[in-house]
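Q: So the protein sequences, as listed, match chains A and B. Numbering-wise, the first sequence is residues 126 to 822 according to the numbering used here. Numbering-wise, the second sequence is residues 941 to 1303 according to the numbering used here. Structure in structure tokens, see below.
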Amino acid sequence: MNGMRDEKIPALKLTVIQYVIVAVLAVLITGLWRLQILGATNYRELAEANRVRKVPILAPRGRLFDREGRLLVDNYPSVSCFLVADQAQSLYSDLPKIARGLHMTVDQIRAALARYRGGPKYQLVPLKSDITPDEKEFIEAHRDELPELETIDEQRRLYPRDGFAAALIGYTGEVSEDMLNQSRYAYYEPGDVVGRSGVEESYDALLRGTDGSRDVLVDSHGREVGRLGYERAIPGMDLKLSIDLDIQRAAELALGNRNGAVIAMDPHTGEVLALVSHPSFDPNDFAVRVQRDTWARLITDPNHPLMDKAIQDQLAPGSTFKLIMSVAGLQEHVAQDLRVNCAGGATFYGRFFACDAHHGAVNIDNAIPYSCDTYYYTLAQRLGIEPIAKWAHALGLGQKTGIDLPNEAPGVVPSEEWKLKNYHEKWYAGEVISVGIGQGATAVTPVQLARAIGGIASGGAMRRPHVVLQDQLPPNYRQAIIDSYPGSGDANVPIATSTWETITDGMAAVVSGAGGTARSSHLEGIDFAGKTGTAQVVNHSFGAKSVSKDVNSRANAWFVGVAPRRNPDIVVAVLWEHGGWGVGSSKLAAQVIQAYVDKQRRLEHNVLQVEAEPKPEGPQAQAAPGAPANKTGPAKPTEVGAIWSNPAAPDALGGRPVKPARPRDANLLATARAAHFFLNPAADDHAARPVVIRGNP
Amino acid sequence: MQRFLRLRDFDWVLMALVFLLSALSVLEIYSATINTKFHGFESKQVLWLVGGTAAMLLLSFIDYHVLLDVIHWIYGFCIVSLLVVLVAGQKVLGARRWIRVGAIHFQPSEWVKLILIIAVARYFTSLAGRELDWKDVGKAFLLVGVPMALVLKQPDLGTALTYMPVLLIGLFLGGIGWKKALIIACAGLILIVPVWRAGLKPYQKARLTSFLSPDADPRGSGYQIRQSLIAVGDGGVWGRGVAKGTQTQGDFLPIPYTDFIFAAWSEEHGFVGAVFVLLLYFFILMRLIQNAQTAADLSGTLLIMGVVAVLIFQIAVNVGMVVGLMPVTGIPLPLMSYGGSSVLFTFLALGIVMNVRMNRFVN
């Protein structure tokens, strides 16, 4: 080896290697330049996106109170589970495990993921709402294995049970894809909870509040290592409804399990005191996620439980329309001098039109209490369709009232123009005869009748019905509601004083007069007035209903009542589908009126005796514990858990039994549940009495 | 007298550069592990550096000709130890790379590098002066190819690849003709396809291709490279400061104290810091080449250039990986990455360099 020591490497080769080294380092520095100088901003953002995670703080939804501040809809704390796809090590192999732990199917999780496919990877995908404690425990125990699972504490809706006021309140649910495509939902994001009907929908913008967020520093395993700050969630606004819980309750009890609707309203202001639609549904079923079979049952039920019949059921008004006829007849100076001899009907245009009875000599004064069809056939013939249509329109029929609830129906007032437009046919003079008794194509909703007849009894001062007290709303929102729910709204219809007096006296005679159609509903000591309506559904129906069953061929029973007869404080419209005779509905309305008047009298009474001797309260007063709302200022909020609480079902509300607020409510709870709001009649003179329904003659 | 001369001949400049780089390495290991369960690795690294320095001093006093004379024995022993690893080695993360002797684990494949440098130097020294024929080239390939195949079998693709530059620089400096070089290069290119098809496991393929498009699978094979790019880019010009790099501290950057230490360094010290480190490497390499030029004989030059080849290859592949120009191969960055085997290899190699330098006037 020593002999080779003289051999040397050519210097050129080492120089080449030096240049190779320089070249390699130059390439590496170029790489650094590209990343650190040219790409610095971009990579800084990526690094921030890596470590900062926005965790939403969900705003609690505004609560709903009745007009006296009694709680109707509350929130309760709940935990929801979300999935963050970009935290997962191997998402799809984790799915079966997640599914098992959360008691879901893999397909459900895949479906949830599919809905958010377009979104960014760090987006929270809602997997399951209102998880149970053992599901929460599963997530906590698998933090390291399943870092993609995230839980968020939030507030969920707690609605009254048994569908109490459900049509009015509505329900909430996750915003759907269809909704997201609409402009009014432009600011909503997938997964947001949104009001889907009732007040929850129409006042969603106020109720929902604004979600906040927390910027959390995380490491690569999604573990929280620090916080950067947060944006506070702004809770939704609490709303006071114009509903009076006592009246609402009386209306619910009155309607019982009959199909139909009751709406009670203060005609002075348009404030709705009670709004009931039966059959009802339990909004709590929707608050989390509606079960497939529950939903299927609700939408296939022939009695339309999801429909708010008070504002959406368009039916022939029957004889209640005679009040509108009377206004038209008197204002057009036709009815004043109209005398008709009723012999059980009369022949018009070659066809015989029947009346219920032989009323003999009838004029405008007894035509209303008798509800004499012959009189109104004749009046309709004298007036012709156009004046009738004009006055019906003026009184708000054939158009929405503008109530602050979604999907109000407009109803129909037939006219020559209407027929030409919808049927491309000429109006035949003979068609006016059945319109005169509220049949034919005429269709109204209960809320329209309440507004119209309350307005007539108020001398033509019509008010826009609304279910949320307007003073609490921000002015621009108040206007937005009016713009969003256009309708006949507030209007003053000039009605002559004589017209007004004649008609209101006639209405009073309906329940108090000797021949009044609803004299059995007479309320002693209350200036109760109204008008029955028995709307045939078979021969004259608009939008033919099924006649396969006998009950479905019965007439719809209407009643619209006011108290007192002139400038009433309350108007009640009752629709009892297939109830047979209008007088049946008059008894339901009478219960509501009775409850209202009793309450007003008790309030006055209490105020008078407030220092002397507190009167023991009956069960009804317990639900409204001495709340002299309009006498001694606003009552303090009182929880009325009694309405929806049921100690017998501890698994309700996700295993959290709700205890009655006070021990003495316990008895009431059981009663309310067992008898579906029927109170013990012996307990209180003024409590709802079971209604005896006269069979269909 | 002789002893004094030797100490004076020690390459103090090279040592200063190496220790400066080692200090930066300790700093970054400290920063990258401060908030992890690996906290304290910087002191372990210091211990490795002390041990490495001692080993270097020890080796620098052994005449490299002695090493060259006994290398065939050591080479044989190393082949046996690689076979032992394959049969009885500890399986860590799916690969048998480690042998456990008492409490110490070590990776024979790291030492093989050093042994190959010496063996290749001896082989080409023995051929000195004459144009290489195909037989010589074939022998050289066998010399490197056998341990390489054994390491590949472990499987440790990264380390096996570091043997290639030893062979290539040996062929280049040993006097291979241009034609033969061209033919070998062509053959290599043609061989890539079957080797790719048959010889690589799917995870290896994924690692080798993911650097081309790290965003294609940001959670899977592209994750490491993507996080590395973000870390380097996040550093900007001046860096985010010691222990302040969010990619490094948030555990987004994988193994920021070993293979990806340069990414961690770049994030916390920016472009300026990164270029500074590369310049240190540049000076170290130039200093080594200078020593190679002044070596007393061909074998000394070949030894040092073997070290240079391994170092520049590892720097190119590791830093190239960190900045997204190279695939992820698991090759540590010499003098920066944490790890006893890597530190010992580098310092033993430097010990040989020192010895070559100190013997430069011996004739």
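Even glycine gets a Cβ: it sits at the ideal position worked out from N, Cα and C.
1. Taking only beta-carbon positions, decide if residue 954 (chain B) is within less than 7 Å of chain A.
2. Listed from N- to C-terminal order along the chain, which residues in the stretch 1060 to 1082 of chain B have their beta-carbon within a distance smaller than 8 Å of any beta-carbon of chain A?
3. Measure the Cβ-Cβ separation of residue 273 (chain A) and residue 213 (chain A) and say whether it is below 7 Å.
4. With DSSP run on the structure shown, which of helix, strand or coil describes residue 181 (chain A)?
5. With a threshold of 8 Å, are at least 3 pairs of Cβ atoms found where one atom belongs to the stretch 1094 to 1103 of chain B and the other to the stretch 1070 to 1077 of chain B?
6. Please identify the residue among A:469, A:255, A:546 whose C-alpha is closest to the C-alpha of residue 228 (chain A).
7. According to the neighbour-count rule (16 or more other Cβ atoms, all chains shown, within 10 Å of its Cβ), is residue 1197 (chain B) buried or exposed?
8. In terms of residue numbering, what span does the beta strand (DSSP E) encompassing residue 1018 (chain B) cover?
9. Along chain B, which residues have their Cβ under 9 Å away from the Cβ of residue 162 (chain A)?
10. Please state the DSSP three-state secondary structure of residue 214 (chain A).
11. Hey, is residue 1214 (chain B)'s beta-carbon within less than 7 Å of any beta-carbon in chain A?
12. Taking only runs of the alpha helix (DSSP H) that begin and end inside the stretch 1103 to 1176 of chain B, which ones reach a length of at least 4 residues, in chain order?
13. If we ignore side chains and look at the alpha-carbon of each, how far apart do residue 958 (chain B) and residue 1225 (chain B) end up?
14. Quick check on DSSP: helix, strand or coil for residue 192 (chain A)?
15. Assuming residue 396 (chain A) and residue 549 (chain A) are in contact, meaning their beta carbons sit under 8 Å apart, how far apart are those beta carbons, in whole angstroms?
16. To the nearest angstrom, how far is it from the Cα of residue 482 (chain A) to the Cα of residue 404 (chain A)?
17. In chain order, what residues of the stretch 597 to 629 of chain A put their CB closer than 7 Å to some CB of chain B?
18. Is the distance from the Cβ of residue 1244 (chain B) to the Cβ of residue 1228 (chain B) below 7 Å?
19. Grab me the residues of residue 828 (chain A)'s own chain with a C-beta within less than 6 Å of its C-beta, minus the 5 sequence neighbours each way, in chain order.
20. For residue 583 (chain A), does the three-state DSSP call read helix, strand or coil?
21. In chain B, which residues lie with their C-beta within 7 Å of the C-beta of residue 133 (chain A)?
22. Quick one: which unbroken beta strand (DSSP E) runs of 3-plus residues sit fully inside the stretch 530 to 600 of chain A? Chain order, please.
23. I'd like the span of the alpha helix (DSSP H) that includes residue 494 (chain A), first residue to last.
24. If you reduce the DSSP assignment to three classes, tell me which class residue 748 (chain A) lands in.
25. Can you tell me which of the three DSSP states residue 726 (chain A) falls into?
26. Output the residue ranges of the beta strand (DSSP E) runs that lie fully inside the stretch 386 to 471 of chain A and measure 3 residues or longer, sorted by chain position.
27. State whether the stretch 446 to 465 of chain A contacts the stretch 425 to 437 of chain A, with contact taken as three or more CB pairs (one from each stretch) at a distance under 8 Å.
28. Would you mind listing the alpha helix (DSSP H) stretches within the stretch 1231 to 1271 of chain B that are 4+ residues and don't spill past its ends, in chain order?
29. I'd like the span of the alpha helix (DSSP H) that includes residue 908 (chain B), first residue to last.
30. Looking at residue 581 (chain A) and residue 387 (chain A), is the spacing between their C-beta atoms short of 7 Å?
31. Are the C-beta atoms of residue 1096 (chain B) and some chain A residue less than 7 Å apart?
32. Under 7 Å between beta-carbons, which chain A residues line up against residue 1232 (chain B)? List them in chain order, please.
33. What would DSSP say about residue 359 (chain A), mapped onto helix, strand or coil?
34. Would you say residue 223 (chain A) reaches chain B, if we count a Cβ-Cβ gap shorter than 7 Å as a contact?
35. Residues of the stretch 318 to 345 of chain A in Cβ contact with chain B at a cutoff of 8 Å, in chain order, please.
36. Return the bridge partner residues of residue 339 (chain A) from the DSSP annotation.
A: Quick answer:
1. The residue labelled residue 954 (chain B) in the question sits at position 14 within the second sequence. Not one chain A Cβ lies under 7 Å of residue 954 (chain B).
2. 1065, 1066, 1068, 1069
3. Position 148 of the first sequence, counted from the start, is the residue given in the question as residue 273 (chain A). Position 88 of the first sequence, counted from the start, is the residue given in the question as residue 213 (chain A). The answer is yes: Cβ separation under 7 Å.
4. Residue mapping note: residue 181 (chain A) aligns to position 56 of the first sequence, counting from 1. Correct three-state label for residue 181 (chain A): strand.
5. no
6. Counting from one through the first sequence, the residue named residue 228 (chain A) turns up at place 103. Minimum Cα distance to residue 228 (chain A) is reached at A:255.
7. Along the second sequence, one-based indexing puts residue 1197 (chain B) at 257. Burial call: buried.
8. Along the second sequence, read from residue 1 onward, the residue named residue 1018 (chain B) stands at position 78. Segment 1004 to 1028 is the alpha helix (DSSP H) holding residue 1018 (chain B); no beta strand (DSSP E) there.
9. Looking up residue 162 (chain A) in the first sequence gives position 37. The answer, in chain order, is 1176, 1177, 1211.
10. Locating residue 214 (chain A) in the first sequence gives position 89, where the first residue counts as 1. Looking at residue 214 (chain A) - three-state DSSP - the assignment turns out to be coil, as it is neither helix nor strand.
11. As a first step, residue 1214 (chain B) is located in the second sequence; it is residue number 274 there, counting from the start. Closer than 7 Å: yes.
12. 1118 to 1134, 1142 to 1150, 1163 to 1175
13. For the purposes of this step, residue 958 (chain B) is taken as the residue at position 18 of the second sequence. For the purposes of this step, residue 1225 (chain B) is taken as the residue at position 285 of the second sequence. Those two C-alpha atoms are separated by around 11 Å.
14. Within the first sequence, numbered from 1, the residue matching residue 192 (chain A) stands at position 67. Looking at residue 192 (chain A) - three-state DSSP - the assignment turns out to be coil, as it is neither helix nor strand.
15. Counting from 1 along the first sequence, the entry for residue 396 (chain A) is found at position 271. Counting from 1 along the first sequence, the entry for residue 549 (chain A) is found at position 424. Actually they do not touch by this definition, with Cβ atoms about 42 Å apart.
16. Here the question's residue 482 (chain A) lines up with position 357 in the first sequence. Here the question's residue 404 (chain A) lines up with position 279 in the first sequence. Computed Cα separation, rounded: 34 Å.
17. none
18. As a first step, residue 1244 (chain B) must be located in the second sequence, where it is residue number 304. As a first step, residue 1228 (chain B) must be located in the second sequence, where it is residue number 288. In contact: residue 1244 (chain B) and residue 1228 (chain B) (Cβ atoms closer than 7 Å).
19. Lying outside 126 to 822, the shown extent of chain A, residue 828 (chain A) is not represented and no answer is given.
20. Along the first sequence, one-based indexing puts residue 583 (chain A) at 458. Here residue 583 (chain A) sits in coil by DSSP.
21. By one-based count along the first sequence, residue 133 (chain A) stands at place 8. Ordered by position in chain B, the residues that pass the 7 Å Cβ test against residue 133 (chain A) are 1238.
22. none
23. Numbered from 1 along the first sequence, position 369 holds the residue referred to as residue 494 (chain A). Its alpha helix (DSSP H) spans residues 489 to 495.
24. Mapped onto the first sequence, residue 748 (chain A) falls at position 623. Interpretation of residue 748 (chain A) is limited by its pLDDT of 39, a score under 50 that renders its predicted location unreliable; the figure taken from the coordinates is listed afterwards. If DSSP states are grouped into helix, strand and coil, residue 748 (chain A) belongs with the helices.
25. Residue 726 (chain A) sits at position 601 when you count from the first residue of the first sequence. Helix, per DSSP.
26. 396 to 403, 465 to 467
27. no
28. 1238 to 1262
29. This structure leaves residue 908 (chain B) out entirely; chain B is present only between 941 and 1303.
30. In the first sequence, residue 387 (chain A) corresponds to position 262, counting from 1. In the first sequence, residue 581 (chain A) corresponds to position 456, counting from 1. Going by C-beta atoms, residue 387 (chain A) is not nearer than 7 Å to residue 581 (chain A).
31. The count along the second sequence starts at 1 and reaches residue 1096 (chain B) at position 156. No, residue 1096 (chain B) does not count as interfacial toward chain A.
32. For this step, residue 1232 (chain B) is matched to residue 292 along the second sequence. What residue 1232 (chain B) touches in chain A: 139.
33. The residue given as residue 359 (chain A) occupies position 234 in the first sequence. The answer is strand: DSSP assigns residue 359 (chain A) an E or B state.
34. Sequence index remark: in the first sequence, residue 223 (chain A) carries index 98 (1-based). Not one chain B Cβ lies under 7 Å of residue 223 (chain A).
35. 342, 343, 344, 345
36. Translated into positions along the first sequence, residue 339 (chain A) becomes position 214. A:180, A:355, per the DSSP bridge assignment.
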